[in-house]
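What follows is one structure encoded as structure tokens, with my remarks underneath.
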Amino acid sequence: MNIIHPVRAGRLAPVQVACIDKTTVDLGVPFPKLIATLQKAYDRHFLPAWGYPVKLYRPRRPKRTDWQMLFIDDTAQAVAEGDHDLAKHGVPYSKIFVKATLADGELVSVVASHELFEMMIDPIANLWAQAKNGDEYAYEMCDPVEEDTFLVDGIQISNFLYPTWFEPFAHPKGTKFDHLGLLTRPFSMRKTGYVTKKAKGKVKDVFGSLAKRRRFQNEDRRGHRSEYRKPDGKRI
């Protein structure tokens, strides 16, 4: 019989995530401070809810085993450098398109935290949760609450879902479905959010409001995670 100490048995090694700045524009916050704040936000807020430790760092050259967060100007730069998918050299990586983010009036810190949280739970965007009626909802941590934020060291961070959001059964009164406690049931969304849903084999985006749909349609969606879930998604 193999007896394992419970502390060792319950410990996960942190995923190493190389954070790389390839941009030519101002991020709105110094890159070292941004990464340090993302690490603090993850450790203090996201990790207790989801339990997957991560170590963000800024290497000169990432190791081939590193997961990656690439901060790049736009999709043209991604194409030029051969960054087309959600995995590279067999490991996950995410892309933050900084020029598009700024053009949409968004903050790089919010988009970066959004991408980090989602990559850590569903690295290659292939997980779904089934509702009672058989519809499936994408494991996207932030989309349903994506315009709600909280502060860490004065920097805005994206709200995110809790595991309970993906559970299709009744929960006790007072259960939280997102970090800020804004949602009241599984598979719901804010008026400023959206969900990617699969019904009868067809994948579609469902929006919390008409205003959100209009904003979404005006965005450059090429290369975004949710597009890789769709057979006709806007990939790069």
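Per the UniProt record's numbering: the sequence shown ends with 236, consecutive numbering throughout.
The C-beta atom is built at its ideal place from N, Cα and C for all residues, glycine as well.
- According to DSSP, residue pairing for V17 in a beta bridge involves L56 and W67.
- In the DSSP annotation of this structure, W165 is not part of any alpha helix (DSSP H), being labelled neither H nor E.
- Residue ranges of uninterrupted alpha helix (DSSP H) with 4 or more members, entirely inside the region 21–55 and ordered along the chain, are 31–41 and 47–50.
- With distances taken between CA atoms, P163 lies nearest to R185 out of G201, R221, R185 and K173.
- Of the residues assessed, G208 falls on the buried side of the cut-off, its CB having 16 or more other CB atoms within 10 angstroms.
- Distance check between K212 and each of V17, N126 and P144 places P144 closest, using alpha-carbon atoms only.
- The region 167–213 is shown to contain no whole alpha helix (DSSP H) run of 4 or more residues.
- DSSP, read as helix, strand or coil, puts A112 in helix.
- Between the region 48–58 and the region 14–26 there are three or more C-beta pairs closer than 8 Å, enough to call the two in contact.
- Take the alpha-carbon of Y228 and the one of A125: they are about 7 Å apart.
- Counting along the chain, the unbroken beta strand (DSSP E) around A138 starts and ends at E136 to A138.
- With respect to C142, E118 sits close: the two C-beta atoms are nearer than 8 Å.
- In this structure T65 does not touch E140 by the C-beta definition: roughly 25 Å separates them, more than the 8 Å allowed.
- Looking from the CA of L102, the closest CA among P231, F216, G193 and V25 belongs to V25.
- The beta carbon of N159 sits closer than 8 Å to the beta carbons of C142, V145, E146, D148, T149, F150, D178, H179, L180 and L182 from its chain, once the five residues preceding and following it are set aside; these are given in chain order.
- CA-to-CA, the gap between G174 and F46 works out to about 19 Å.
- Taking all protein chains in view, the Cβ of Y42 is crowded by 16 or more other Cβ atoms within 10 Å, so the residue is classified as buried.
- The three-state secondary structure of I72, taken from DSSP, is strand.
- Closest option to A112, judged by alpha-carbon separation, among Q39, D220, N133 and D122: Q39.
- Counting C-beta atoms within 10 angstroms of its own C-beta, P32 has fewer than 16 neighbours from the protein chains shown and is therefore classed as exposed.
- DSSP places L151 in the strand class (E or B) of the three-state scheme.
- Less than 8 Å separates the beta-carbon of A129 from that of F166.
- F117 carries a helical assignment under DSSP once its states are collapsed to helix, strand and coil.
- Counting the other CB atoms within 10 Å of its CB gives P62 a total of 16 or more, which places it among the buried residues.
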